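Participant: Going by my numbering, the first residue of the sequence shown is number 6, and it counts up by one from there.
For every residue, glycine included, the Cβ atom is placed at its ideal position computed from N, Cα and C.
Owing to the predicted nature of the structure, the values given are computational and were not obtained by experimental measurement.
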Amino acid sequence: MQFSALAEVFDRLEQTNSRLEMAEILAAFFRTVEPTELRAVIYLSSGRLHPEFDPRELGMADKLALKAIASVAGCSDKKAEELWIKKGDPGTVAEQLIAKKKQMTLFSEPLTLTSVISGLTAIEGAAGRDSQDKKMKHLARMLHDATPLEARYLCRIVTGRMRLGAGTMTVLDALAAAFATKEDRPDLERAFNITCDLGLVAETVAAGGVAAVQAIPVSVANPIKVMLAERLRSLDDILLRMDGKCALEYKYDGIRVQAHITKTGVKLYSRRQEDLSPNFPDITAALQRQLRGKEAIIEGECVAYNPEDDTLLPFQNVTHRRKKHGMDQAVSDVPVKIFMFDLLLLDGVDYTMRPYPERRMTLEKAFAAAGKAPAGGYDHLDYTVRTIVDNTVAAQKFFDEAIGAKCEGVMAKSLSPESIYRAGSRGFLWIKYKKDYTQALVDSFDLTVVGAFYGMGKRAGVYGALLMAAYDTDTGRWGTTCKLGTGFDDAFLAALPGRLEHYRAESKPSAVDAEMMPDVWFEPGLVLEVTAADISISPIHTIAAGAVKEGAGLGLRFPRFTGRVRDDKSPEECTTAAEIVELYRLQEERDTDSVEAQERDADSDNETNK
Ligand code: ATP
Numbered sequence: 006m007q008f009s010a011l012a013e014v015f016d017r018l019e020q021t022n023s024r025l026e027m028a029e030i031l032a033a034f035f036r037t038v039e040p041t042e043l044r045a046v047i048y049l050s051s052g053r054l055h056p057e058f059d060p061r062e063l064g065m066a067d068k069l070a071l072k073a074i075a076s077v078a079g080c081s082d083k084k085a086e087e088l089w090i091k092k093g094d095p096g097t098v099a100e101q102l103i104a105k106k107k108q109m110t111l112f113s114e115p116l117t118l119t120s121v122i123s124g125l126t127a128i129e130g131a132a133g134r135d136s137q138d139k140k141m142k143h144l145a146r147m148l149h150d151a152t153p154l155e156a157r158y159l160c161r162i163v164t165g166r167m168r169l170g171a172g173t174m175t176v177l178d179a180l181a182a183a184f185a186t187k188e189d190r191p192d193l194e195r196a197f198n199i200t201c202d203l204g205l206v207a208e209t210v211a212a213g214g215v216a217a218v219q220a221i222p223v224s225v226a227n228p229i230k231v232m233l234a235e236r237l238r239s240l241d242d243i244l245l246r247m248d249g250k251c252a253l254e255y256k257y258d259g260i261r262v263q264a265h266i267t268k269t270g271v272k273l274y275s276r277r278q279e280d281l282s283p284n285f286p287d288i289t290a291a292l293q294r295q296l297r298g299k300e301a302i303i304e305g306e307c308v309a310y311n312p313e314d315d316t317l318l319p320f321q322n323v324t325h326r327r328k329k330h331g332m333d334q335a336v337s338d339v340p341v342k343i344f345m346f347d348l349l350l351l352d353g354v355d356y357t358m359r360p361y362p363e364r365r366m367t368l369e370k371a372f373a374a375a376g377k378a379p380a381g382g383y384d385h386l387d388y389t390v391r392t393i394v395d396n397t398v399a400a401q402k403f404f405d406e407a408i409g410a411k412c413e414g415v416m417a418k419s420l421s422p423e424s425i426y427r428a429g430s431r432g433f434l435w436i437k438y439k440k441d442y443t444q445a446l447v448d449s450f451d452l453t454v455v456g457a458f459y460g461m462g463k464r465a466g467v468y469g470a471l472l473m474a475a476y477d478t479d480t481g482r483w484g485t486t487c488k489l490g491t492g493f494d495d496a497f498l499a500a501l502p503g504r505l506e507h508y509r510a511e512s513k514p515s516a517v518d519a520e521m522m523p524d525v526w527f528e529p530g531l532v533l534e535v536t537a538a539d540i541s542i543s544p545i546h547t548i549a550a551g552a553v554k555e556g557a558g559l560g561l562r563f564p565r566f567t568g569r570v571r572d573d574k575s576p577e578e579c580t581t582a583a584e585i586v587e588l589y590r591l592q593e594e595r596d597t598d599s600v601e602a603q604e605r606d607a608d609s610d611n612e613t614n615k
């Protein structure tokens, strides 16, 4: 395949905001691609050579790419850099400078998908002292043969700036349209949710149809998208929803990991499928040592722990384990435990379709001595504390114990025969209930930064406020929900421009809906945790537009940054439009209840005074 065919498709995708149109463009294109090439096409569309959970990255610095561009375009590095400062994207710089140069170039060999993949593989693999020079030369070699449009995408791919706006759901729509039917779409989605590998799903459906996709197994080689919990505002409501009986587990406040354990090694994936194994060598060693079996996939929460007085430490402590360097010190400074709560695979048996009671029972037998500290030292493995309840008094008592043990609250889990592990979906089989729910607004929000406003007065020279957005899973777009200017400390504000630089966009990103005009736009990327006093109908914010009131979205009032950067969440994993609508309705119910309660109190006062 000629690389130009792919570059043209990328360009067409960038021209539209419509998810439907993107799926049509992709489906038509996929039909023309050989199944063996489809995998690479899928990875390249998101600027990679591998699935996202594979830590290998092209990660070329913008300035290095600019050097390659300048050398091919025959201009100075300075000229390329000046254009880059104006445009903010090496892809656009490459396109413009190479377009000028091409008018004079006589001959070059057309790029093919294969030649591009081998060039990019060489860039990825360049190592040693002169690795930067090698990377630059490999890129320059490809740029020499590239058309301006191809140069745009080559440079975006190598610098990690591919943002076509066609998300996973759109690609799955396109795959169903190209190689299966609409009815098969859930099978494709499940295959993606249990493998996190869109390239694998694409290649399989193109080569073997939907039957082959259904046969893709849960495997230790692939992380599984995590199951998520719904929320309800009271233990009564939870019991009602669970048909009067459920399991309750302590809800620990740590880092969720999915452990893939084999005889040869253990990988710990974050909920975003990043490899956290180097951060928890003590946990990986204990899991491998104590597994009674050959291989397993389990989930648990890693929590900082004080072995001396047997207490759990707040979330901030475990974040010290998320660094890239100085791990030995962090391991000895911050002891951690994993509290295991689920089992998804054991010795070749897929447990994701089995009910929760069976998964839990098997989990509790799968590890030798978990939860029992060996003589002379503490153990890194434990199970989440749990109980079964069928009345509110018992549920409240367990909740109070969880809070006393420094947990965030409880997780209610369905005991029904249908209580399977729903990879990648949020539902009422698990319901979270936290201490915060008794306060002003139920739960915090995880929002992505899409814009920034320059600060004034004390904040001159740094960003003073951020435009924050939530995600709409139906449309695959982000909508704004608040302007956030509170809760930042000086160090955070000073570091913010650097942190956001990679996401800077020339104009409003095509996947963002916004009425507000910030001074600087950003592609959705950085996710922050935000609390708010309440949710109100908003004429300027665009999330959930029309869901509660025609022509209006929903906005957060008095938003405040909690200090927690959600590095473990991708912008697609932000709080969703549907969740904000649900929280708005919960808030409305709560307000109605409290007005009714006040009226009842007033009535009974009147009765007493009579
Ligand atoms: P969400 O995971 O729902 O997107 P979140 O990441 O902001 O939201 P919470 O709303 O606090 O987290 O609750 C869900 C998280 O609670 C899980 O993803 C998991 O990390 C954690 N957790 C702690 N204890 C348990 C438990 N016993 N069972 C399942 N999850 C637990």
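(1) Could you check whether F527 and L498 sit closer than 8 Å to each other, using their CB atoms as the reference points?
(2) Is the beta carbon of D189 sitting closer than 8 Å to the one on V215?
(3) Tell me whether C307 sits in a helix, a strand or coil according to DSSP, three-state version.
(4) Pairing CB atoms from the stretch 245–256 with CB atoms from the stretch 396–412, are three or more of them under 8 Å?
(5) Classify H330 as buried or exposed, calling it buried when 16 or more other Cβ atoms lie within 10 Å of its own Cβ.
(6) Apart from the five residues on each side of it in sequence, which residues of its chain come closer than 7 Å, Cβ to Cβ, to R157?
(7) Here's the rule I'm using: 16 or more other beta-carbon atoms within 10 Å means buried, otherwise exposed. How should N396 be labelled?
(8) To which residues of the same chain is R427 closer than 8 Å at the C-beta, ignoring the five residues directly before and after it?
(9) Bridge partners for E534 per DSSP, in chain order?
(10) If you check the beta carbons only, do E577 and Y508 fall under 8 Å apart?
(11) Hey, I303 and L349 are a contact pair by Cβ (cut 8 Å); roughly how many whole angstroms apart?
(12) V163 and I199 - do their beta-carbons sit closer together than 8 Å?
(13) Can you say whether P319 is buried or exposed, counting buried as having 16 or more other CB atoms within 10 angstroms of its CB?
(14) Between which two residues does the beta strand (DSSP E) carrying L233 extend?
(15) Do K250 and ligand 1 come close, with the Cβ less than 7 Å from some heavy atom?
(16) Give the DSSP-derived three-state secondary structure of Q263 in the structure shown.
(17) Under 7 Å: does the beta carbon of T389 sit that close to some heavy atom of ligand 1?
(18) Under 8 Å by Cβ, that's how I've got L292 and A335 pegged, so tell me the actual separation to the nearest angstrom.
(19) Return yes when the Cβ of K488 is within less than 8 Å of the Cβ of M521, no when it is not.
(20) Kindly indicate the opening and closing residues of the beta strand (DSSP E) around R565.
(21) Mark I343 as exposed unless 16 or more other C-beta atoms lie within 10 angstroms of its C-beta, in which case mark it buried.
(22) Given a cut-off of 8 Å, decide if I266 and A212 are closer than it, judged by their beta-carbon atoms.
(23) Can you tell me the Cα-Cα spacing of A32 and L25, whole angstroms?
(24) Going by alpha carbons, who is nearest to L144 out of A132, T152, L159?
(25) Can you tell me whether I229 is buried or exposed, with buried defined as 16 or more other CB within 10 angstroms of its CB?
(26) Output the boundary residues of the alpha helix (DSSP H) element that contains S337.
(27) Does the contact criterion of 3 or more C-beta pairs under 8 Å hold for the stretch 351–362 versus the stretch 410–430?
(28) Could you check if N311 is buried or exposed, using at least 16 other CB atoms within 10 Å of its CB as the buried criterion?
(29) From M174 to R276, what distance separates their C-alpha atoms?
(30) Let me check one thing: in DSSP terms, what residues is I343 bridge-paired to?
(31) Helix, strand or coil for S543, going by three-state DSSP, please let me know.
(32) L203 to A183, Cα distance in whole Å?
(33) According to DSSP, D518 sits in a beta bridge with which residue or residues?
(34) Tell me which same chain residues have a C-beta within less than 7 Å of the C-beta of N284, skipping the five on either side of it?
(35) Leaving aside the five residues before and after V14 along the sequence, list all residues of the same chain whose C-beta is less than 7 Å from its C-beta, in chain order.
(36) Return the Cβ separation of Q7 and T119 in integer angstroms, given the expectation that the two are a contact with Cβ distance under 8 Å.
Facilitator: Quick answer:
(1) no
(2) yes
(3) strand
(4) yes
(5) So H330 counts as exposed.
(6) G96, T97, A99, E100
(7) Under this definition N396 is an exposed residue.
(8) When the five nearest sequence neighbours on each side are left out, the beta carbons in the same chain lying within less than 8 Å of the beta carbon of R427 are those of M232, L434, in order along the chain.
(9) D451
(10) no
(11) 7 Å
(12) no
(13) exposed
(14) Note, L233: beta strand (DSSP E), 233–236.
(15) no
(16) strand
(17) yes
(18) In fact, because the Cβ distance is near 19 Å, the residues do not count as touching under 8 Å.
(19) yes
(20) 565–570
(21) Per the 10 Å Cβ criterion, buried.
(22) The beta carbons of A212 and I266 sit no closer together than 8 Å.
(23) 10 Å
(24) The residue with the shortest Cα to Cα distance from L144 is L159.
(25) buried
(26) 332–338
(27) Three or more beta-carbon pairs drawn from the stretch 351–362 and the stretch 410–430 are found closer than 8 Å, and the two stretches are therefore classed as touching.
(28) Classification for N311: exposed.
(29) Those two C-alpha atoms are separated by around 18 Å.
(30) DSSP lists C307, L386 as the beta-bridge partner residues of I343.
(31) Strand.
(32) When rounded, the distance between both Cα atoms is 15 Å.
(33) Per DSSP, G484.
(34) Around N284, the same chain offers R326, R327, M332 as residues with beta carbons nearer than 7 Å, after the five sequence neighbours per side are excluded.
(35) I30, F34
(36) That belief does not hold up - the Cβ atoms of Q7 and T119 are roughly 10 Å apart, past 8 Å.
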